[in-house]
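*Asks:*
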Amino acid sequence: MKFERSKTKKNGLAARAIIIPFIAVLASLHVLIIILIFRISDTSAELSALNRNYNQYKNEANSMLSGSSRLTESVTSLLLRPLNGSGDLNTEPLVVFAEEYAKDEKRGHVIAANFKTYGLGEDILKNIDAAAEKAESLAESELHALALFFAVYKMPDIPEVKALPLPELTAQEKMMPDSEKFALACKYANGDQFARDKTALVTLLGAAGGALNKEAGERSAACGKKIAVIQLAIRITTFTIIAIIIFMLFILYNQLISPLYGIVHSIRTGSQANEKRGLRETRLISSAYNKLISRRANFEDFLRSTGGADIVASLPDRNAFEEYTREPDTAPPGKPLSVILFDVSDYDNTEKNLGEAAASQLLRTSAECIVKCFGNEAGNNCFILDTSRFAAVLTDMTRPGIDESVEMFAQEQSKWGISIFWGVSYTDEYGTRTLEDLLKESERQLYIQKKVMFSEL
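Just so you know, we're using this note's numbering here: the sequence shown kicks off at 242 and counts up by one.
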């Protein structure tokens, strides 16, 4: 039968004990892969942002040099050609200088302050600070040169030029003749100190750019290493999923499919199925099949033991039924017990219309059907109570097992062309309900089935 005793149920590993952990592990691994994919996407975005930021830092550092060079070129151009072709002041370099100087984002002190907020290494900040000092020193020299220049040439009426923070000339510088003032302006804008500061600015910014490249490379390498580790984790997780699926398929083949083929072979050959192989479900199928062929064998043994005699006459009577139910070994307290009562529905009509021989044959067929479906291994649990009434006592069998036997009984009736009413009572623990209670319940169920059947006629 499909459901066996509790001891049998404990044998073998249930399919859900494999499937549920398998599904849980696979789901966890797939969630892990999803997390890793998002993590690698975040790390790639982090790497892109890192490269983008460091390019911005280098551009910002280079803007200090480009801004300083533009200021230098403007002052140099002005000093080389203070007047234009018409003899007026050459204001174009002055306008360029003023506009460039007004761009705070290119000034050394502003760039140095910005770099301190970027979280960069000390070498980078040190070089940027030193470069900013040189850039500021160059700008101060150029403003001083312009102050001397305007002491020789009148300052034009241009707002941007007038807004320049020109330094105040010293008393000595004011007393110099114009030629000396102009020569001193050229010295401030293109002298030895100016050249040294300019060279130092280029050198310091080059060092800062090298440090930026080095730090960017280290951080990019760290991100790349992190991505490589995540990719390795994804590969390992993927191969683990494949291995688990292959292992699960092997388990299912070895513990389910192969045992089922064995059960099919046993059914074809009529041999006993192996109840110790496979999952619990396949073992239950094997047990149910073995129980079925055992019942059939017992029924055949019972028929042979009658020696061709009437099977109805060979069944124990009501007194034997009462003695059987009184025996302690029949249903120990705490064990399941079921009592089934039967009534051959067409016995009276068969005897009246077809004769006593036909009625006797109907009883024999009915008895065979009852014994085949409900007889135990000892063949001593089926009884005849009176002319057309029978009883069966099933012990130590679960309710699902009883239901399956009843279902098989209904199918056998249809095959043999007979009609038998039945009533079933059941208790999980004998002792909580008495035998009298079970008999009353069986009688009630039998009466209900008869009433329903006759109401449909």
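C-beta: ideal position from N, C-alpha, C; glycine also.
(1) Going by DSSP, name the residue or residues bridged to G503.
(2) Measuring straight from C-alpha to C-alpha, what distance separates H385 and K415?
(3) Quick check: what's the CA-CA separation for S660 versus L497?
(4) Return the Cβ separation of S527 and N515 in integer angstroms, given the expectation that the two are a contact with Cβ distance under 8 Å.
(5) Is G642 closer than 9 Å to L582 when the C-beta atoms are compared?
(6) For the region 290-373, which segments carrying the alpha helix (DSSP H) assignment without a break, of at least 4 residues, lie completely within its bounds, in sequence order?
(7) Pull up the distance between the alpha-carbon of Y688 and that of M694, whole angstroms please.
(8) So, for K251: in the same chain, excluding its five sequence neighbours on each side, which residues have a beta-carbon less than 7 Å away from its beta-carbon?
(9) Taking only three categories from DSSP, how would you classify S586?
(10) Would Y671 be called buried (16 or more neighbouring beta carbons within 10 Å of its own) or exposed?
(11) Report the start-end ranges of each alpha helix (DSSP H) in the region 595-637 that is 4 residues or longer and not cut off at the edges.
(12) According to DSSP, L578 sits in a beta bridge with which residue or residues?
(13) Could you say if the region 456-471 and the region 269-284 meet the contact criterion of at least three C-beta pairs nearer than 8 Å?
(14) So, are the CB atoms of L635 and S579 less than 9 Å apart?
(15) Indicate the three-state DSSP secondary structure (helix, strand or coil) for T284 in the structure shown.
(16) Among V505, C610, S607 and C623, which has the Cα closest to the Cα of N560?
(17) Going straight from the alpha carbon of A290 to that of L254, what length do you get?
(18) Using the three-state DSSP reduction, which class does R518 fall into: helix, strand or coil?
(19) Alpha carbon to alpha carbon, what distance is there between M638 and L676?
(20) Go ahead and pull the three-state DSSP assignment for I508.
(21) Quick one, which of I482, G458 and L379 has its alpha-carbon nearest N431's?
(22) Using the beta-carbon count (16 or more within 10 Å), is A426 buried or exposed?
(23) Below 8 Å on the Cβ atoms is my contact criterion, and I expect L410 with A436 to pass it. Report the Cβ-Cβ distance as a whole number of Å.
(24) Find out if the Cβ-Cβ distance for the pair A608, V553 is shorter than 9 Å.
(25) Taking the straight line between their C-alpha atoms, what separation do you get for N495 and S507?
(26) With a threshold of 16 other CB atoms inside 10 Å of the CB of D329, please say whether the residue is buried or exposed.
(27) Of the residues R348, V272 and K422, which one's Cα is nearest the Cα of S307?
(28) Which same chain residues end up closer than 8 Å to P574 when comparing Cβ atoms and leaving out the 5 residues on each side of it in sequence?
(29) Have a look at C614 and T566 and give me their C-alpha separation to the nearest angstrom.
(30) In the DSSP assignment, what residue or residues form a beta bridge with F488?
(31) Can at least three beta-carbon pairs, one atom from the region 313-332 and one from the region 355-362, be found at a separation below 8 Å?
(32) If you compare alpha carbons, which of N621, M489, Q602 and F650 is closest to A258?
(33) With a 10 Å radius around its C-beta and 16 neighbouring C-beta atoms as the bar for buried, classify T313 as buried or exposed.
(34) According to DSSP, R674 sits in a beta bridge with which residue or residues?
(35) Taking the beta carbon of Y502 as the centre, do at least 16 other beta carbons fall within 10 Å, making it buried, or is it exposed?
(36) Give a yes or no on whether the C-beta atoms belonging to F662 and K681 are separated by under 9 Å.
*Replies:* On the basis of the supplied data:
(1) For the purposes of this step, residue 503 is taken as the residue at position 262 of the sequence shown. G503 is not bridged to any residue.
(2) Numbered from its first residue, the sequence shown carries residue 385 at position 144. Numbered from its first residue, the sequence shown carries residue 415 at position 174. Using only the alpha carbons, I get a separation of about 13 Å.
(3) On the sequence shown, residue 660 is found 419 positions in, with the first residue counted as 1. On the sequence shown, residue 497 is found 256 positions in, with the first residue counted as 1. When rounded, the distance between both Cα atoms is 39 Å.
(4) Locating residue 527 in the sequence shown gives position 286, counting from the first residue. Locating residue 515 in the sequence shown gives position 274, counting from the first residue. Yes, S527 and N515 are in contact; Cβ-Cβ is about 6 Å, under 8 Å.
(5) Locating residue 582 in the sequence shown gives position 341, counting from the first residue. Locating residue 642 in the sequence shown gives position 401, counting from the first residue. Contact flag unset, no.
(6) 332-342 and 349-356
(7) Within the sequence shown, numbered from 1, the residue matching residue 688 stands at position 447. Within the sequence shown, numbered from 1, the residue matching residue 694 stands at position 453. Spanning the two alpha carbons is a distance of roughly 10 Å.
(8) For this step, residue 251 is matched to residue 10 along the sequence shown. Residue placement at K251 is flagged as unreliable, the pLDDT there being 45, under the threshold of 50; the coordinate-derived value follows with that caveat. Closer than 7 Å at the Cβ level, and outside the excluded window around K251, lies no residue.
(9) Sequence index remark: in the sequence shown, residue 586 carries index 345 (1-based). DSSP places S586 in coil when its eight states are reduced to three.
(10) Within the sequence shown, residue 671 is the residue found at index 430, counting from 1. So Y671 counts as buried.
(11) 597-615
(12) For this step, residue 578 is matched to residue 337 along the sequence shown. DSSP lists T636 and T668 as partners of L578.
(13) yes
(14) On the sequence shown, position 394 is the one that residue 635 refers to. On the sequence shown, position 338 is the one that residue 579 refers to. Yes; because the gap between Cβ atoms is below 9 Å, this pair is in contact.
(15) Taking the sequence shown and counting its residues from 1, one reaches residue 284 at position 43. Helix, per DSSP.
(16) On the sequence shown, residue 560 is found 319 positions in, with the first residue counted as 1. Taking only the C-alpha atoms, the option nearest N560 is C623.
(17) Within the sequence shown, numbered from 1, the residue matching residue 290 stands at position 49. Within the sequence shown, numbered from 1, the residue matching residue 254 stands at position 13. Straight-line Cα distance between these residues: approximately 54 Å.
(18) Here residue 518 refers to the residue found at position 277 when the sequence shown is read from its first residue. If DSSP states are grouped into helix, strand and coil, R518 belongs with coil.
(19) Start at 1 with the first residue of the sequence shown, and residue 676 comes out as number 435. Start at 1 with the first residue of the sequence shown, and residue 638 comes out as number 397. Going from the Cα of L676 to the Cα of M638 covers about 16 Å.
(20) Walking along the sequence shown from the start, residue 508 turns up at place 267. I508 falls in the helix class under three-state DSSP.
(21) As a working mapping, residue 431 is identified with position 190 in the sequence shown. Among I482, G458 and L379, the Cα nearest to that of N431 belongs to L379.
(22) One-based indexing of the sequence shown puts residue 426 at position 185. Its Cβ being crowded by 16 or more others within 10 Å, A426 is buried.
(23) Taking the first residue of the sequence shown as position 1, residue 410 is located at position 169. Taking the first residue of the sequence shown as position 1, residue 436 is located at position 195. No, L410 and A436 are not in contact; Cβ-Cβ is about 23 Å, not under 8 Å.
(24) As a first step, residue 608 must be located in the sequence shown, where it is residue number 367. As a first step, residue 553 must be located in the sequence shown, where it is residue number 312. Cβ distance < 9 Å, so A608 and V553 count as in contact.
(25) Your numbering for residue 495 matches position 254 in the sequence shown. Your numbering for residue 507 matches position 266 in the sequence shown. If I take the Cα positions, the gap works out to 17 Å.
(26) The residue given as residue 329 occupies position 88 in the sequence shown. D329 comes out exposed.
(27) Walking along the sequence shown from the start, residue 307 turns up at place 66. Selected option, being the one with the closest Cα: R348.
(28) Translated into positions along the sequence shown, residue 574 becomes position 333. Once the five neighbours on either side are set aside, the close Cβ partners of P574 are E670, Y671 and G672.
(29) Locating residue 614 in the sequence shown gives position 373, where the first residue counts as 1. Locating residue 566 in the sequence shown gives position 325, where the first residue counts as 1. Answer to the nearest angstrom: the Cα atoms are 20 Å apart.
(30) Taking the first residue of the sequence shown as position 1, residue 488 is located at position 247. According to DSSP, which records beta bridges pairwise, F488 is partnered with nothing at all.
(31) no
(32) Here the question's residue 258 lines up with position 17 in the sequence shown. Nearest of N621, M489, Q602 and F650 to A258, Cα basis: M489.
(33) Residue mapping note: residue 313 aligns to position 72 of the sequence shown, counting from 1. By the neighbour-count rule (16 or more Cβ atoms within 10 Å), T313 is buried.
(34) Your numbering for residue 674 matches position 433 in the sequence shown. According to DSSP, R674 bridges with Y671.
(35) Position 261 of the sequence shown, counting from 1, holds the residue named residue 502. Exposed is the call here.
(36) Counting from 1 along the sequence shown, the entry for residue 662 is found at position 421. Counting from 1 along the sequence shown, the entry for residue 681 is found at position 440. Contact: no.
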